[in-house]
Ligand SMILES: Cc1ncc(COP(=O)(O)O)c(C=O)c1O
Ligand SMILES: Cc1ncc(COP(=O)(O)O)c(C=O)c1O
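Chains as they are written, first to last, in our numbering: chain A, 117 to 570; chain B, 117 to 570; chain C, 94 to 570; chain D, 94 to 570.
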C-alpha cells in the first residue's frame, strides 16, 4: 500500500464493475499496446524515513548558510528572513491552493496578491504591478518583448552591466519574434555609457534595459539615462532591497520595472524559486500589453469588497496565440513571501536594512583596500556589492575562505561558463564581493583575517 | 520599538488621558514604591537575527539525532516521526489556542482530544481516557493518589522495576497525603517477584504499580500479577509503542493505565514536553476520582454533534481543595501529536513498528553476546530495550561510540544521580541498550564494529 | 465534522514505517496482542485534511483577540517556535552525557539566572510542567521546610477567597488544610480577617499579586510580615507576573517561593491546554529543598546537580519542558531589560484603558487603577434574564474570544478581561464597541444573547447532557 | 477583510533588523530615496493574524477535494515539503563552487535520469519554471533545430483546437504561425484535417495525450509519422502525463520534445499559482540545443555543463526551481517504479468511475473510456437558464471546489473533472451525490444556482466591473 493513494482492493473491484470493465488494464486499451512500458527502470519504492535519510545526506553534502557566512551576491542574496514569514508561507491553506480561478474561495490568495501589487508599486514608485513572473531574468526578457510589441519597434538596447544571465535570457526571448538586441557599453564608473546609448538609439529602438544597481553593484544614473532615452521605453531591473535607500525607478520616469523578488524574504534556494517583479507606469494603454496575472478589486453581489483576477483578455487562456505572454502558472507563493516580508519589515525596516547593506559593503571595501591586495574596479557609487581586482591567487584565496566557513566572493573570471561576454569585460582577477545585514562585523573580521594571513 | 508591542507614543498619551492619569508610573502607584525595581540586570534587547544566532550556536553544541544514531531509551525514545505530524502541530490555529473553555470556537481542539481519548482506549484496551497529564511520571504519581483516594487505603506497592524517576515522583506525591510506598522486588527474569508481591499486599494496600515493559525493558507478566493482586487496584505504566505487539493492559483487567506519550510522534525534546497517558476501566465510580480534563460528546441547540470539556465537577476550578487533582493546564498539544501520529501509522503501522523494534533489539542482543563482551542480565522477554553486563571499560566504550556518532547505551551504574536505589539493583557494569525502527541495520553494524574494535 | 474514525477504511495506510532490515523476532504468544487497536485507517492526505479543517474551527491568538482574564494570552513570537524546533534542541535525549548537551544545559542555566533576576529569588528549578505543577512543587518545598525543622503542626495553608482553584487544590494535594481568607470591599485580602486565622498551624499563605481581580494587594508588605511573624512562608502565584515584571519583584515583597507561568508571562504558546512550564524560584534558605536535579555551572562546564540533601525529590521525569524553556529564553533575550519593563507597562495601560471604557457600559465593581486585568459584571442585566455567559457568548458572533467568566468566584456574573500588551488600541476600541453593541442588544433584544452564538461552527452546546450521559470516546455503531 | 494597509499605524514595527555594527555610510543624496514607501506599519502579531485569517478564506488541497480538470491537484506529501526546507537545499547559493554543492547537483542529475526513464527521452533540462515555460523552451529548441539545418521556412506550428491556451501562445512567442487542427467527433485530432494542413512550412505539432478532453489520441503513432514525414517535430505537452506514466512513454510514441509539470504529475504543490517546474526532455538529436547549463557527471563528480554549442541560450537565471525539484525527487523515490504505475492506474480508475456515475446525471459528450479526466456539459440545463458557471458555483456551497469550466473550448458549457489518484471512492461518491443534488436543484429551483455561492466568505464577484474600472492597488483615501 501507498500512503498517498487510498484505494483498497475491494474498492478497485467495485469501481471497475461500475465502470463495466474487467481489469485496470482494460482502461488503458486505447493506448498503443505495442508501446506499453514493461519497465521504466526506476528503483523500488522507499519508506518515508529512508527517503528522508537519503535526502538529508544529500543536503548535508552542500555548504549552506546555516553553517557558512556568505559574501556572495550576483543576483541571489543571503538576507535575514523574519521567522514569521516561514510560519505563514508554510500553511497548506496557501501553498496547496491553485491559481485563484474560483475567487469566492480564494480571497486569501487574491487579497494577498492585491496587497503585494500595492507594495511593489510602493517600493518601486510605479503605478501598476502584476502578481509575479518566474524570476528576474524572465521578467526582464518579457519586458523587452512587451516594449517591442507596444512600440512596434524591433530593437532593444541593453546595458552590458546587466546581469549576464539576464542578458542571455533576453537574447533567447528576443530570437523568436526576431527582436534585435544591441549592447550598450559601460564607462569607468561602471555605469552605462550615456554617449554610447545616445549613439545607438535610432527609430527602430523600442527600449533600453538597465539594472539598478547593476551587475557590478554600481548604481546607474537613471536620471541621466532617462534624459537620453526620452523617446524610447526605459526598462529597469531592480534589486528590491536596495530601494530602502535608493531613489525609486518610478521617480525617474521608468516605464517598466522588473527584477528578482528573492531578496524579499525568500531563501536562496540554489537560485530558485524566487519570483519576477513586473511593474509599469500607471498607463491604460501600457497595461493592455503587460504579461502575467493581475489582481483587481471589485464587489460581490451584495456590494462587499472582494478581489478577482482581472484584465484577463491579455492572457493565453483567452487570447491564445495573440496573448501578451504564454505565462500561466506564475510564482504566486513568492508574492506571499514578499507581502509578509514587507509587512514585517515596514518602511523603517527596509530603510535600516538598506543602510546596513550599504554600510557593510563600504566598510568591507575600505578594509580590503587597506590590505593592499585589492583595488576597486569602478568609481561609481554602489549598494551592497562591488568589484575589486586582486593580486592574490584566487583559487588559494577561495580555498582558504572556504576552510574558514566563508562562501564568496564571486570569481568573475570564472563566471558561470559565460565565456564570451564577461571575459571581454573583466580581467580574470576580478572579484564581486557582496555583504548584507546577515554579515556581522565579526564575519567581516574573519574574512579580513583570512586575507591578511595570505 | 518592539516588534511584539503595538503602542505608538501618541496612543500611549491618548490612552493615559482617557484613563485620567498623567504618566505610566501613575498606573503603578499601588505598588510599594520603596520596593520598585531599579535594574533587574538583564541584558539589553537583541534583534531577531542575533537571538537566532545565539540560540543556533547553543543548539549546535548539542549532539542531536539528525547527526547521531541513538541506542538510548529509558523513557524517551528516538522514533521516526511522520512529516505530516509536524505540519499539523505547527499550525498556530492549534498551538496558540487556549484550553477550550469556549467550546463553540474550540471544536478543533475538542474533537482532536476526543479522538485522542478514543485512540488511547484502543491501544491500551481501557474504557476511558482523559485528555493528558504532564508526563508518564506525574501521571503514575497521580494514579497512586487516585487509587488511595478511591479505595480509601493508604499504601501503594511499587515494583522496583518501575522507572526510577517515576518511582521518585510517586514518592514525592505520596508524601503529601502520607501514602505509604512499599517496594516489590524483581526476580532473575527481571520482572516483579510474585511472591514478594503476595507477601506485601495487606488490607491497607490500595494498589500495585508496575511498568510494561519495565525499566529493564522486560515485559511484566500482567496476567500473573493480576491474579495475585485481585483485591487491589492494578496500575500499569505503559510504553504505548509496545502495544502494537504486546497484549493490552486492559486485556488483563488493569484498573489504571498511565505512561508517557513521547513515543507517539513527539520529538525527544531533552525529555520534555511530552504528555502523560491516563486511562481507566470503564467504571462510573472510578471516573469520578480521575484527575485531568475529559472531553465528552454532546449536541448543540440544533442537535448537531459537538464536544465539550465534561465531568468538570472533579476539577480544581470547581471543587478547589476537594478536587481530584490540582491539574489545570495539561499537555493538550501532546494529544494532537499522538492523534495525528496514530492516525498516520494506523493499526498496521503500529504493528510493524512494534515488530521492527522487537526484532532490532533481539538482533542487537544476539550480536552483542556473540562478541563475548556482553552478557544478558535478565531472562525475561523484552521489547525494545535490554540490560547487559559488560566486561569492557564503559567510559572507553562510550567515548568510542560517541566518536562514531553513536549516543547510548545508558550506563546504569552512573544513572542520573539515583545513587541509592539503582546501585543496589545493578552492578556498575550494566548497560541499557535500546533500538527502534529509527536504527537501521547499518547503524547496528556500525555499533558492533566499534565494539569489535575494542 | 466527521470523526477521523468515520472516514477510516480497512487496509488504507497513512505512513509506511521503515522496512524490516534484520531478521524478524517472534515473541511468545502469551505476550502478543490478540486484537489490533481500531485506529483510523486513512491516507496521509486524509489526516492532513482532517486536522487542517479541524484547526480552522479553532479560535487562537493567531486568529484574533483573546482577552481571557488570568490567562495572559499574549502573542507568541514565531522566532521562539523556530529556535525551539532546531534539532539541537528538539532531538536530544535527556540521558546523553552532559558533555554532549552543553548548549542545552547552558540555556537552562542562563534562563534560571534571568528568572532569578526578574523575580528577585535566589534559586530556581525549571522542572514543573505547568503553573499548578509549580504550585505543587513550591508548596511541597514549604512543607518539607517545616518538616525539616520538625515543625509538624504547620498543616494549614491560607488562601484568599479570590484565589485560583489550583491554589487550594495544590495545598490539599500536599496534605494541607486550606484556610480561606476573605477579601475586603476593595477587593483585597482583609488584613484583619487574615490576622484572625493565622497561628501556630500556619504553614504559609498563597497569594497572587495583583490578585485575580487585577488589583494590586497594597498591604502586601504587611501581609508578608504577618505571615512571617507567625512562622509561615509566603508563596507567590506568578500567573499574574505580567502586570509587575520589571516594576517590583516578588522576592522584594517578602515572598519566599514563587512559580512562574512561562506560557503566560513569557509568551510561550498555550497549545490548546499545554504544555506550559512553571519554574519555581525560592529564597536561599529553601534552595536545598528544590527537586533534583538542578543545573549548575562548574568552571565553564554545565552539569546536572543531584546533590540537594533535603530535596523534595522529583515532581516529574527529566528536567522540565525543555523546548518551552527555549522559547521563554528567546523571549527574554529579545525583550531585554527594557522590553520586559515595557511589556508590563503596556499590559497595565491596556487594562486600565479598557477598564475606563468598559466601565462606561458595564458595571466594574472595583473601578480604580487596576493592573493587567479587571473584572466587570453583567449583574445589572439580570432583570433582562441575561447572564454573564449569554453576554460573552454573543461576542463570538462578533469574532472575538470571550473574556473569562465566573472567575474569580467572589464577584457575581463577572467578566474578567485581560488584554495583554500585545494588543493595539485599535483592537481594544473595537472590543469596547462590541461590548456596547451587545449591551444595547441585551436591552433591546435579549433573545439574541440568550441564543448566541449564531455564527460559530456549532451552536451553544449542552453541557448538562455531556456530564449526565457521558460519551467519552467514539464507538463503532 | 481589512487590507494590511488599513490596520497600519505610523511607528509600529514588525521586525527589528540586525543593528548597524559597522560605521554607517552616507550615499550621495542624488541617489537617495526621497519618500519612504507606504508599506504597512504593523507588529509581528498583526502580520501573523492577518495572513492566518486570510489563509482560512482559501480552499486548498489540504482542505478538500479539488477536481480541477487539466490541473492534477493531487495531494502534496508533507515529507517533500520537509526535505525541501532542509538548509542544505534551501540556503545555498547558485554560484558556490560546485564542490560545495555536490548534493544538490547529484539530486538534479538523478532527477533528470528518472524523468528520462519516465518519459522515454534522452536528455533533460530542469530549468523551466512552469509548464508554459517548458513549452516555450521546447518550442525554442524545435525552432533552433530547424534554423540550425537552415530550414528557415518552417514557421508553422500545428496545434489542435482542444489545446491548452499556452500551446498556441508558446508557439507564437517563438515566432511561429499557429495552425489549428480540428477534432473529430470522437474528440480526437482529425487525421484527415491534419493531413491537409501539413507541408514544407510545418515546424512541428504540439499535442497533449491524453488530450484536454481526457481522451487518449488513439492515432498517435500515425500522427507522429505524418508530422515526421513532413519534416516536423512532435512536441508533447506533459501536463496530462499523470494518466499514462508507467503505462506508455511519450518518447516511445514518437515525441521528440516533452515538458513535464512537476507541480501536477509529481505532486509538488501549486502555491496558489506557482512556483512550479517544467523540465523539458528531448531526443538525442536535440540534446545540443538544450539551455545551458545542464548537469553532468564526470567520474563521481557532478558539474554544471556549459558546453552545448547549439544551445538556445538561457530561459531564466540559474538552474531551475531547485526546491521544487527536490520535492519531485522525493516523490519519485517514495513511489518507485510500481508506485508511479499505480498512481496512473488509480487516477484513470477514479476518472472513469466518476465519468460513469456523472454521466447518469449530466451529459458526457464523449462517454467512452477516458484517461485521467473527462468533460461533461450542462448544456441541457440551458433552458432553465443555467450555465456551467452557475452549476459549479453551487458546488462551493457544498464545500467542494468546482471542476474546470469553459475549457477545453470545443465543448460548450463544459465541466472538466479530474479527480486524481489521491482521492478516495468515498470522496468521489460524495461528489456524485452533490452533482445529483445540484442537478435536481437546477430543475426545481434554478435561482439557487444562479445566485450561488451562498456560504462563501464573499458572494459571486463582479468580474466585469473589475475589468472595466480596474483598481489594481490599494490607495489611501
Ligand atoms: C492565577 C493562576 N494561578 C495558577 C494557574 C494555573 O496554571 P496552569 O494552568 O499552568 O497549571 C492559573 C492558570 O489559569 C492562574 O490563572
Ligand atoms: C494542458 C496544459 N498545458 C500546459 C499548462 C501550463 O502549465 P503551467 O501553468 O505550469 O505554465 C497547463 C496548466 O494548466 C495545462 O493544463
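Cβ coordinates follow ideal geometry from the N, Cα and C atoms, glycine included.
Item to complete: Locate the alpha helix (DSSP H) running through residue 484(C), then write down its first and last residues.
Response: 481 to 490
Item to complete: State yes or no: is the C-beta of residue 181(A) within less than 9 Å of the C-beta of residue 454(A)?
Response: no
Worksheet entry | Contacts of residue 198(B) in chain A (Cβ-Cβ under 7 Å) | Within chain A, the residues whose beta carbon sits less than 7 Å from that of residue 198(B) are 164, listed in sequence order.
Worksheet item: When DSSP labels each residue in this structure, what does residue 518(D) get in the three-state scheme?
Response: Reduced to three states, the DSSP call for residue 518(D) is helix.
Practice prompt. Tell me whether residue 490(B) sits in a helix, a strand or coil according to DSSP, three-state version.
Written response: strand
Discussion item. Taking 9 Å as the threshold (beta carbon to beta carbon), is residue 337(B) in contact with chain D?
Written reply: no
Worksheet item: Thinking C-alpha only, which one of 117(A), 431(A), 448(A), 445(A) is nearest residue 261(D)?
Response: 431(A)
Discussion item. To be precise: take each residue of the region 251 to 267 of chain C, compare its Cβ to all Cβ atoms of chain B, and keep it if any distance is under 7 Å. Which residues remain?
Written reply: 258, 259, 261, 262, 263, 264, 265, 266, 267
Practice prompt. Give a single yes or no on whether residue 161(B) has its beta carbon closer than 8 Å to a heavy atom of ligand 2.
Written response: no
Worksheet item: Where does the unbroken beta strand (DSSP E) through residue 298(C) begin, and where does it stop?
Response: 295 to 300
Worksheet entry | Cβ shell of residue 135(D) (< 8 Å), same chain only, five flanking positions each side left out | Result list for residue 135(D): 97, 100, 101, 102, 105, 107, 143, in chain order.
Worksheet item: Cβ of residue 194(A) less than 9 Å from any chain C Cβ?
Response: no
Worksheet entry | Endpoints, beta strand (DSSP E) assigned at residue 505(B) | 501 to 506
Fill in: residue 420(D): CB within 8 Å of a non-hydrogen atom of ligand 2
Using a cutoff of 8 Å, the CB of residue 420(D) does not count as near ligand 2, since none of the ligand's heavy atoms is closer than that.
Worksheet item: Helix, strand or coil for residue 169(B) per DSSP?
Response: The DSSP-derived three-state label of residue 169(B) is helix.
Worksheet item: Does the beta carbon of residue 452(B) sit closer than 9 Å to a beta carbon anywhere in chain A?
Response: No, residue 452(B) does not count as interfacial toward chain A.
Worksheet item: Got a sec? Which residues, its chain only, sit under 7 Å from residue 309(A) by beta carbon, not counting five neighbours each side?
Response: 300, 301, 302, 303
Fill in: beta strand (DSSP E) segment containing residue 351(D), residue limits
350 to 353
Worksheet item: Are any of the Cβ atoms in chain D nearer than 9 Å to that of residue 105(C)?
Response: At least one chain D Cβ lies under 9 Å of residue 105(C).
Discussion item. If you reduce the DSSP assignment to three classes, tell me which class residue 307(B) lands in.
Written reply: coil
Worksheet item: Any chance the CB of residue 354(D) is under 8 Å from a heavy atom of ligand 2?
Response: yes
Worksheet entry | Below-9 Å beta-carbon distance, residue 124(A) vs any chain C residue | yes
Discussion item. What ranges does the alpha helix (DSSP H) occupy inside the region 320 to 351 of chain D, keeping only unbroken runs of at least 4 residues that lie completely in it?
Written reply: none
Discussion item. Using only the alpha-carbon positions, how far apart do residue 562(A) and residue 520(A) sit?
Written reply: 8 Å
Discussion item. Check whether chain C comes within 9 Å of residue 391(B), counting only Cβ atoms and requiring the distance to be less than that.
Written reply: So yes, residue 391(B) belongs to the interface.
Worksheet item: In its own chain, which residues sit with a C-beta less than 6 Å from the C-beta of residue 524(A), not counting the 5 before and 5 after it?
Response: 186, 187, 188
Worksheet item: Is any beta-carbon of chain C found at less than 9 Å from that of residue 247(B)?
Response: yes
Worksheet entry | Cβ shell of residue 483(D) (< 6 Å), same chain only, five flanking positions each side left out | Here the set comprises 542, 543.
Worksheet entry | Host alpha helix (DSSP H) of residue 434(B) (start-end) | 432 to 435
Worksheet item: residue 360(A) touches chain B at which residues, Cβ-Cβ below 7 Å?
Response: Near residue 360(A) there are no residues of chain B at all, since even the closest Cβ is about 16 Å away, more than 7 Å.
Discussion item. Taking 8 Å as the cut-off, is the C-beta of residue 254(D) nearer than that to any heavy atom in ligand 2?
Written reply: no
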